[in-house]
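A.B. asks: Have a look at this one before I ask anything.
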Amino acid sequence: MYKPLQASRILELPLHVMDTALFYPNRLDLSPREARKRVSSILDHAARLGGAVTINWHDRSIAPERLWDDFYVELLNDLETRGAWFVTATQAVSWFRKCRSAVFEEVQFDSGALHVKVSTSGGDKLAGLRLRIHKPRGSKQFAECADNQPTGYVDISLNQRIDALVAL
-6 MYKPLQASRI LELPLHVMDT ALFYPNRLDL SPREARKRVS SILDHAARLG
44 GAVTINWHDR SIAPERLWDD FYVELLNDLE TRGAWFVTAT QAVSWFRKCR
94 SAVFEEVQFD SGALHVKVST SGGDKLAGLR LRIHKPRGSK QFAECADNQP
144 TGYVDISLNQ RIDALVAL
């Protein structure tokens, strides 16, 4: 989400995937296979780094029908398989506001461990956040409270508040 400096009421959700941009003849004019490759790359990147993807798909056309429904249904199935969180624009903005509300109350290094206290506002009805702690190179330990993730970092779920000690 983008918030211009000095703005208090305007927020912008960036657009990542749009039907007309993928398939329209005077845009990318991709085949379904080429579009799948491009979109899969975006989804893979978001999944790997914990990002968000916005999709704008037109359900009707004032011009002749575009017949891109099959691709859209496959895309939704792929997202569901990946465990995506489907939300409205309002819900997405609320979640990004929750992200922006995160406050690091305490961060201390002590005897090979990191003690971190973080809090957010925004409520329990929104999906939780993730605190990712990158471990120093060569470190092989994971914290008890961390989700099971590949070596190199520890992810900790955060909804409203955490107070965690992470072994580095």
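Residue numbers (our numbering): -6 to 161.
Cβ coordinates follow ideal geometry from the N, Cα and C atoms, glycine included.
1) Please classify residue 3: is it buried, with 16 or more other beta-carbons within 10 angstroms of its beta-carbon, or exposed?
2) Going by DSSP, which residues form a beta bridge with residue 125?
3) Using three-state DSSP, classify residue 104 as helix, strand or coil.
4) In three-state terms, what does DSSP make of residue 49?
5) Might you give, ordered along the chain, the residues of its own chain that have their beta carbon closer than 8 Å to the beta carbon of residue 111, omitting 5 neighbours on each side?
6) Ignore the nearest five residues each way along the sequence and tell me which others in residue 91's own chain have a CB closer than 6 Å to its CB.
7) Starting from residue 35 and walking both ways along the alpha helix (DSSP H), at which residues does that stretch end?
8) Look at the Cβ atom of residue 71, then the Cβ atom of residue 36, and state whether they are nearer than 8 Å.
9) When you compare each of 43, -4 and 61 to residue 22 by their alpha carbons, which one comes out closest?
10) Excluding sequence positions up to five away, which residues of its chain have a Cβ less than 8 Å from the Cβ of residue 129?
11) Which residue's Cα is closest to the Cα of residue 49: 41, 34, 30 and 69?
12) Tell me, to the nearest whole angstrom, how far the beta carbon of residue 75 is from that of residue 28; I am working on the premise that it is less than 8 Å.
13) Check this for me: beta carbons of residue 66 and residue 9, under 8 Å apart or not?
14) Would you list the one or two residues that DSSP bridges to residue 159?
15) Starting from the C-beta of residue 101, find all residues in its chain whose C-beta is less than 7 Å away, skip the five residues before and the five after it, and write them out in chain order.
C.D. replies: Looking at the coordinates:
1) Your numbering for residue 3 matches position 10 in the sequence shown. That one is exposed.
2) Here residue 125 refers to the residue found at position 132 when the sequence shown is read from its first residue. DSSP lists 148 as partners of residue 125.
3) For the purposes of this step, residue 104 is taken as residue 111 along the sequence shown, with counting starting at 1. If DSSP states are grouped into helix, strand and coil, residue 104 belongs with coil.
4) For the purposes of this step, residue 49 is identified with residue 56 of the sequence shown, where counting begins at 1. Strand.
5) The count along the sequence shown starts at 1 and reaches residue 111 at position 118. Counting only Cβ-Cβ distances below 8 Å, and skipping sequence neighbours, we find 95, 96, 97, 98, 124, 151, 154 and 155.
6) On the sequence shown, residue 91 is found 98 positions in, with the first residue counted as 1. Residues 113, 115 and 119 of the same chain have their beta carbon placed closer than 6 Å to that of residue 91, with the five preceding and five following residues left out of the count.
7) For this step, residue 35 is matched to residue 42 along the sequence shown. Secondary structure note for residue 35: its alpha helix (DSSP H) is the uninterrupted segment 25 to 42.
8) Within the sequence shown, the letter at position 78 stands for residue 71. Within the sequence shown, the letter at position 43 stands for residue 36. Closer than 8 Å, so yes.
9) Taking the first residue of the sequence shown as position 1, residue 22 is located at position 29. Per the Cα distances, 61.
10) Walking along the sequence shown from the start, residue 129 turns up at place 136. Taking C-beta separations shorter than 8 Å and ignoring five residues to either side along the sequence, the partners of residue 129 in its chain run 161, following chain order.
11) Counting from 1 along the sequence shown, the entry for residue 49 is found at position 56. Cα-wise, what sits closest to residue 49 is 69.
12) Indexing the sequence shown from 1 puts residue 75 at position 82. Indexing the sequence shown from 1 puts residue 28 at position 35. 17 Å between Cβ atoms; not a contact.
13) In the sequence shown, counting from the first residue as 1, residue 66 sits at position 73. In the sequence shown, counting from the first residue as 1, residue 9 sits at position 16. No. Outside cutoff.
14) The residue labelled residue 159 in the question sits at position 166 within the sequence shown. Answer is 107, bridged to residue 159.
15) For this step, residue 101 is matched to residue 108 along the sequence shown. Annotation for residue 101: 108 place their beta carbon closer than 7 Å to its own, counting only its chain and skipping 5 residues before and after.
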